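Protein chains in written order, with this note's numbering: chain A, 363 to 737; chain B, 6 to 99; chain C, 2 to 438.
Here is the structure we will look at.
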Amino acid sequence: MSEVWDVVVAGAGIVGAACAAECAGLGLRTAVVEAAEIGGGATAAGMGHIVVMDDSPAQMALTHYSQTLWHALSPHLGPAVEYESCGTLWVAVDDQEMDEVRRKHRVYASAGITTEILDSHSLAEAEPHLRQPLAGALLVPSDGVLYPPCAAACLMEQAQHNGARLYAPRRVVFARAGTARLDDGTELHAAHIVLAGGADTVQLLPELPIRGRKGHLVITDRYPGMVRHQLVELGYLKSAHSVTTDSVAFNVQPRRTGQILIGSSRQYGAEDSAVDHEILAAMIDRTRWYLPDAGSLSAIRVWTGFRAATPDKLPLIGPWPGDETLILATGHEGLGITTSLATARLVADHLLGRKPKISIEPYLPERFSRSLAHA
Amino acid sequence: MPEPAPTRIASTSASAPPVALTVNGVPLTVAPGTTVAAAVCIAGAHARTSVSGEPRGPLCGMGICFECRVTVDGTPHRRGCQVLCAPGMDVRTS
Amino acid sequence: MSAHFDLVVVGAGPAGIAAAIAAARAGRSVALVDDNPAPGGQIWRHGAHLPAAARKWLVELQASSVVPFYGWRVIDHPAARLIRAESGADCTDLQYDRLILATGARERFLPFPGWTLPNVLGAGGLDAMVRGGLPIAGKRVVVAGTGPLLFAVAGHLAARGAKILAICEQAQLGHLASFARCLLSDPAKLFQGAGYMLAARGARLHTGCWPVAAAGTTQLESVTLCQGSRKWTVACDYLACGFHLAPNTELAQLLGCRTAYGFVVTDDLQRTSVTDVFCAGEPTGIGGVELALIEGQIAGLAAAGKLRDAQSLVPRRQRKLGFVAALRESCTLNPSLRNLADEDTIVCRCEDVRHAALRGRASWRDAKLHTRCGMGPCQGRICGVATEFLFAWHADSVRPPVLPAMVSSLASPGPTRNQPASLSAETAISAHSKETP
Ligand SMILES: Cc1cc2nc3c(=O)[nH]c(=O)nc-3n(C[C@H](O)[C@H](O)[C@H](O)COP(=O)(O)OP(=O)(O)OC[C@H]3O[C@@H](n4cnc5c(N)ncnc54)[C@H](O)[C@@H]3O)c2cc1C
Ligand SMILES: Cc1cc2nc3c(=O)[nH]c(=O)nc-3n(C[C@H](O)[C@H](O)[C@H](O)COP(=O)(O)OP(=O)(O)OC[C@H]3O[C@@H](n4cnc5c(N)ncnc54)[C@H](O)[C@@H]3O)c2cc1C
Ligand code: FES
Numbered sequence: 363m364s365e366v367w368d369v370v371v372a373g374a375g376i377v378g379a380a381c382a383a384e385c386a387g388l389g390l391r392t393a394v395v396e397a398a399e400i401g402g403g404a405t406a407a408g409m410g411h412i413v414v415m416d417d418s419p420a421q422m423a424l425t426h427y428s429q430t431l432w433h434a435l436s437p438h439l440g441p442a443v444e445y446e447s448c449g450t451l452w453v454a455v456d457d458q459e460m461d462e463v464r465r466k467h468r469v470y471a472s473a474g475i476t477t478e479i480l481d482s483h484s485l486a487e488a489e490p491h492l493r494q495p496l497a498g499a500l501l502v503p504s505d506g507v508l509y510p511p512c513a514a515a516c517l518m519e520q521a522q523h524n525g526a527r528l529y530a531p532r533r534v535v536f537a538r539a540g541t542a543r544l545d546d547g548t549e550l551h552a553a554h555i556v557l558a559g560g561a562d563t564v565q566l567l568p569e570l571p572i573r574g575r576k577g578h579l580v581i582t583d584r585y586p587g588m589v590r591h592q593l594v595e596l597g598y599l600k601s602a603h604s605v606t607t608d609s610v611a612f613n614v615q616p617r618r619t620g621q622i623l624i625g626s627s628r629q630y631g632a633e634d635s636a637v638d639h640e641i642l643a644a645m646i647d648r649t650r651w652y653l654p655d656a657g658s659l660s661a662i663r664v665w666t667g668f669r670a671a672t673p674d675k676l677p678l679i680g681p682w683p684g685d686e687t688l689i690l691a692t693g694h695e696g697l698g699i700t701t702s703l704a705t706a707r708l709v710a711d712h713l714l715g716r717k718p719k720i721s722i723e724p725y726l727p728e729r730f731s732r733s734l735a736h737a
Numbered sequence: 006m007p008e009p010a011p012t013r014i015a016s017t018s019a020s021a022p023p024v025a026l027t028v029n030g031v032p033l034t035v036a037p038g039t040t041v042a043a044a045v046c047i048a049g050a051h052a053r054t055s056v057s058g059e060p061r062g063p064l065c066g067m068g069i070c071f072e073c074r075v076t077v078d079g080t081p082h083r084r085g086c087q088v089l090c091a092p093g094m095d096v097r098t099s
Numbered sequence: 002m003s004a005h006f007d008l009v010v011v012g013a014g015p016a017g018i019a020a021a022i023a024a025a026r027a028g029r030s031v032a033l034v035d036d037n038p039a040p041g042g043q044i045w046r047h048g049a050h051l052p053a054a055a056r057k058w059l060v061e062l063q064a065s066s067v068v069p070f071y072g073w074r075v076i077d078h079p080a081a082r083l084i085r086a087e088s089g090a091d092c093t094d095l096q097y098d099r100l101i102l103a104t105g106a107r108e109r110f111l112p113f114p115g116w117t118l119p120n121v122l123g124a125g126g127l128d129a130m131v132r133g134g135l136p137i138a139g140k141r142v143v144v145a146g147t148g149p150l151l152f153a154v155a156g157h158l159a160a161r162g163a164k165i166l167a168i169c170e171q172a173q174l175g176h177l178a179s180f181a182r183c184l185l186s187d188p189a190k191l192f193q194g195a196g197y198m199l200a201a202r203g204a205r206l207h208t209g210c211w212p213v214a215a216a217g218t219t220q221l222e223s224v225t226l227c228q229g230s231r232k233w234t235v236a237c238d239y240l241a242c243g244f245h246l247a248p249n250t251e252l253a254q255l256l257g258c259r260t261a262y263g264f265v266v267t268d269d270l271q272r273t274s275v276t277d278v279f280c281a282g283e284p285t286g287i288g289g290v291e292l293a294l295i296e297g298q299i300a301g302l303a304a305a306g307k308l309r310d311a312q313s314l315v316p317r318r319q320r321k322l323g324f325v326a327a328l329r330e331s332c333t334l335n336p337s338l339r340n341l342a343d344e345d346t347i348v349c350r351c352e353d354v355r356h357a358a359l360r361g362r363a364s365w366r367d368a369k370l371h372t373r374c375g376m377g378p379c380q381g382r383i384c385g386v387a388t389e390f391l392f393a394w395h396a397d398s399v400r401p402p403v404l405p406a407m408v409s410s411l412a413s414p415g416p417t418r419n420q421p422a423s424l425s426a427e428t429a430i431s432a433h434s435k436e437t438p
């Protein structure tokens, strides 16, 4: 069997589903190939925090752009997507971290994002279950939370509504020069093949500079109202110098269900999806330090997921230098839920030759081609 | 053919005094060895309200289904069928 | 807190009790852990009205050196040869050289309209509630579902003064007859079964019959039963309804034990695929008390190193296996039970996911991720068994905790460290907040 499309998308995680929705919405004949469930990969493991981050100007640009796209889309997301604009509180422990709060406040302001500096007292009022006293926090009201697998399904439905065809469960086993071969022998031909297989994209392109970075999460039973914002620590300065491969952070999220999602951890080189109790314990201890009552909550499930990490922490979006019919949309590490919509927009802009709203430069895969050529 | 012989073991010793507790603030006295789930039923209450608003009571009686969850002495989400009533216990349903 | 035992036995039903006693007699230090406040498992629990044989085992257990952990539930397996258990706000680690899993079975429930109403319980469920102090004298009870448990429950409830209005067994009479022949070949079983029937005298037995709806405003008021084309409604106080049993294999799965057809795979000496982990009783196959007792003894002796003694019991186990097959046969569910639920019927009771939302889903995982089915505190223990029958899905993904546990228990069994890990000097795990989420 052999079929011709404008674009084939390999993978229906949140990134692939967003790309499919975007392409089909523009009238491109779109095929999507998904090996397992829609949004069942890293997308089913992620926290679903829609967050603007300022690690680098490129990261800020992509996350901010994507967030505005989520805002625009939010009225069209069904209740199952559980979109909630709860805002983020970046929590500061001491004066040094309050300096970071003020710096962040300035950076966000210069990008046109309104934020609010909370002092110790107003932080305690905003989140009564946090440890007291803490120095304060930066409130980013425009950040939000959603339920990623249903967001991916919603985007996929939108794509199908606009004529996209879904091949599932089917795996792309080979993709080169405008041809994608599926595990049942079907060949799909297209001007472009979008590789959105998350961390598994390396199975199609082994030379990709992507490593799995393992994360742990804990979900609790329902405690409505206990936590009101996504709470993230700002303790970066203290730990910046202890560069180790394994790390944990206080990162707690209120779900619309009233459940509390507790994160997060990062590990390189962990291939196994089993729960690592040492890192889990460190993560929980850290959570309890910030949120003392968290210890007595009833935990329902612990799981792990793998982020697709690149060496420079920026995703790979755009043509693969070795074969320009292959368009990469992967390597989103811990921000792929947030940046999926902007990624899809950049991919579509590239396919149609449109000028993108933000520069695609920093995310182009060619930035690694020189180092790869020498590898 | 004989009936199975009735026997008692230590945990439900007949000589132990009754247990006084409260369910939703209302005093209640039960036999020793009574589970919180049974006490809630005796009090005429439903253990919990489901996420779509239905009243629910125990299903499995053995700690598996979590339908009997109640707040015991301030701790929410405890399975009433796995907890024995104790003197002065404060049980709340939702 | 942490303690070491030669042997830790999880589950204090007949299999676990027999295993613990056998190993203790062989001179091993043994811990016996059970979620329930008293030993006995599902049938010997809560003391009253026990058969003499059960009483003998419980008395022997009490006289033995076995260290009881009743009211402790095993929640996790944080490291090799270590399980973690929780009781109220307490948490402890139990180290073992060998582990015996005797985690028993739970009832299988099938969704039908009204099954979520208060006072619709499992058959074993109502029985356990009554053993736990629920007054049943004078109450009108319909017992329904499938399996010998129905008769045991009806008998016990009748002995406590309940009015058993009907016993509805979904199997046809023919199926039951072959099962009865099997009982006849096993006098001990016959003894129990007949005793129960005697106690439930006056109750009407309907075969090929099941509930199609339960009704009531805030709790059960009536049950509609069907038998072939006949339908009728019975006013009652309780519906005790269970469709035989499903094994509790979650802990075995968490430990990595191999399972086949939903049961834990063991060799003749009850050894699982994981070194030094044994399994006995219902998780290896639903076979009732006597098989559980034999398997428990084999496991206890084998785990204590008494291989020859253990081996000598194997033929007795073998003889009981015919009963397992006959039981399975007689409890085979009628395919029309798949049509009991209508589209509004809740299938996942924790998350209130209705049948309509599940139709057309590709798999358990697909349903779970997109409808929340199985995401609640029971983690699919109830709806996973139901959807296996309804949709042929397999709900087999087990993650810690095995049962919901305090967040702190997932971190450590000891008192809280009052410092985030990265702020204390020793740890190699650093904070990374800048890179969150
Ligand atoms: C613990 C954790 C917390 C996180 N928290 C957040 C957060 O709060 N906010 C945020 O924005 N991001 C977060 N992330 C990151 C986010 O989850 C990911 O970046 C995002 O889900 C990546 O989506 P994806 O579509 O690229 O990959 P995936 O979701 O992995 O999807 C890839 C899909 O492709 C399919 N596939 C792969 N290969 C093939 C093939 N050859 N043929 C067909 N199909 C194929 C897979 O089956 C899969 O469904 C977190 C991640 C983790 C692990
Ligand atoms: C925002 C959000 C909220 C969530 N809320 C809930 C919730 O309320 N309740 C809930 O139960 N879940 C919740 N989940 C989690 C979800 O059910 C899954 O646990 C999650 O998708 C991760 O899958 P999993 O690894 O647990 O296993 P599965 O989805 O079952 O399986 C996927 C993969 O994990 C591997 N795997 C499964 N079990 C193990 C194991 N024991 N050891 C090693 N590998 C294993 C399998 O091999 C398989 O490859 C939520 C997820 C998100 C993103
Ligand atoms: S009744 Fe099922 S857990 Fe208590």
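Beta carbons: idealized from backbone N, C-alpha and C, even for Gly.
A quick note: this is a predicted structure, and the numbers were derived from the prediction, not measured.
**Prompt:** Using 9 Å as the limit for Cβ to Cβ distance, is R74 of chain B near chain C?
**Reply:** yes
**Message:** I want to check one thing, is the minimum distance from the CB of A42 of chain B to the heavy atoms of ligand 3 below 8 Å?
**Reply:** yes
**Prompt:** Considering only the beta carbon of each residue, do F668 of chain A and P571 of chain A sit closer than 9 Å?
**Reply:** no
**Request:** Classify T219 of chain C as buried or exposed, calling it buried when 16 or more other Cβ atoms lie within 10 Å of its own Cβ.
**Result:** exposed
**Prompt:** Comparing the C-beta of T655 of chain A with each C-beta of chain B, is any distance below 9 Å?
**Reply:** At residue 655 of chain A the sequence reads Asp, which differs from the Thr that was named. False, the Cβ-Cβ gap to chain B never drops below 9 Å.
**Inter-residue spacing [alpha-carbon to alpha-carbon] between V35 of chain B and N29 of chain B** = 15 Å
**Request:** Name, please, each residue of chain B whose Cβ falls closer than 7 Å to the Cβ of I84 of chain C.
**Result:** Chain B residues near I84 of chain C: none, gap ~17 Å exceeds 7 Å.
**Prompt:** So what's K321 of chain C in DSSP terms, helix, strand or just coil?
**Reply:** helix
**Message:** Going residue by residue through the stretch 508-552 of chain A, where are the continuous beta strand (DSSP E) segments of at least 3 residues, counting only ones entirely within it?
**Reply:** 527-529, 534-538 and 541-544
**Prompt:** Just to confirm, does E352 of chain C get its C-beta within under 8 Å of one of the non-hydrogen atoms of ligand 3?
**Reply:** no
**Item:** Reduced DSSP secondary structure (H/G/I, E/B, other) of A305 of chain C
**Value:** coil
**Asked** How big is the Cα-Cα spacing for D36 of chain C and V564 of chain A?
**Response** 46 Å
**Request:** Please write down, chain order preserved, every residue whose beta carbon lies under 7 Å from a heavy atom of ligand 3.
**Result:** B:A42, B:P63, B:L64, B:C65, B:G66, B:M67, B:G68, B:I69, B:C70, B:F71, B:E72, B:C73, B:R84, B:G85, B:C86, B:Q87 and C:G126
**Request:** Would you grab the beta carbon distance between L8 of chain C and A19 of chain C for me? Rounded to a whole angstrom, and I think it's under 8 Å.
**Result:** Rounded, the Cβ-Cβ distance is 13 Å, inconsistent with contact.
**Asked** If you pair each beta-carbon of the stretch 678-695 of chain A with each one of the stretch 540-556 of chain A, do three or more pairs fall below 8 Å?
**Response** yes
**Item:** N340 of chain C (DSSP reduced to helix, strand or coil)
**Value:** helix
**Asked** Using 9 Å as the limit for Cβ to Cβ distance, is T417 of chain C near chain A?
**Response** Because T417 of chain C sits at a pLDDT of 41, beneath the cut-off of 50, its placement in the model cannot be relied upon, and the following sentence gives the value as read from the coordinates. Yes, contact with chain A.
**Message:** To test your reading of the DSSP string, which unbroken beta strand (DSSP E) runs of 3 or more residues are found completely within the stretch 55-122 of chain C?
**Reply:** 68-71, 74-80, 83-88, 91-102 and 106-108
**Asked** Between V315 of chain C and the rest of its own chain, which residues show a CB-CB distance below 8 Å, the 5 nearest in sequence each way excluded?
**Response** D269, L270 and I299
**Item:** Contacts around T649 of chain A, its chain only, beta-carbon distance under 7 Å, and the 5 residues preceding and following it disregarded
**Value:** F612, V614, I624 and A656
**Request:** Give a yes or no on whether the minimum CB-CB distance between S3 of chain C and chain A is below 9 Å.
**Result:** no
**Item:** Residues from the stretch 365-384 of chain C in contact with chain B, defined by Cβ distance under 8 Å
**Value:** G377, P378, C379, R382 and I383
**Request:** Confirm, please, whether the CB-CB distance from V386 of chain C to A393 of chain C is below 9 Å.
**Result:** no
**Asked** Would the beta-carbon of R99 of chain C be found less than 8 Å away from any heavy atom of ligand 2?
**Response** no
**Message:** Using a Cβ-based criterion (distance less than 8 Å to any ligand heavy atom), does T80 of chain B qualify as near ligand 1?
**Reply:** no
**Prompt:** If we count the other Cβ atoms within 10 Å of its Cβ and call it buried at 16 or more, is E72 of chain B buried or exposed?
**Reply:** buried
**Prompt:** Are the C-beta of R320 of chain C and some C-beta of chain A separated by less than 9 Å?
**Reply:** no
**9 Å Cβ cutoff, V56 of chain B in contact with chain C** = yes
**Request:** Reducing DSSP to helix, strand and coil, say where Q87 of chain B ends up.
**Result:** helix
**Prompt:** Would the C-beta of L410 of chain C count as close to ligand 2, meaning under 8 Å from any of its heavy atoms?
**Reply:** According to the sequence provided, residue 410 of chain C is Ser. The question's Leu does not apply to it. No, the Cβ of S410 of chain C stays beyond 8 Å of every heavy atom of ligand 2.
**Request:** Using alpha carbons as the reference points, say which of C:L135, C:A138, C:V142 and C:R400 lies closest to E222 of chain C.
**Result:** C:V142
**Message:** Can you determine whether any heavy atom of ligand 2 sits closer than 8 Å to the C-beta of K369 of chain C, and answer yes or no?
**Reply:** yes
**Prompt:** Roughly how many angstroms lie between the CA atoms of G133 of chain C and Y71 of chain C, to the nearest whole one?
**Reply:** 15 Å
**Prompt:** Apart from the five residues on each side of it in sequence, which residues of its chain come closer than 6 Å, Cβ to Cβ, to Y529 of chain A?
**Reply:** V395
**Prompt:** Skipping 5 residues on each side, what residues in its chain have a beta carbon closer than 7 Å to that of S482 of chain A?
**Reply:** P495, L496, A497 and G498
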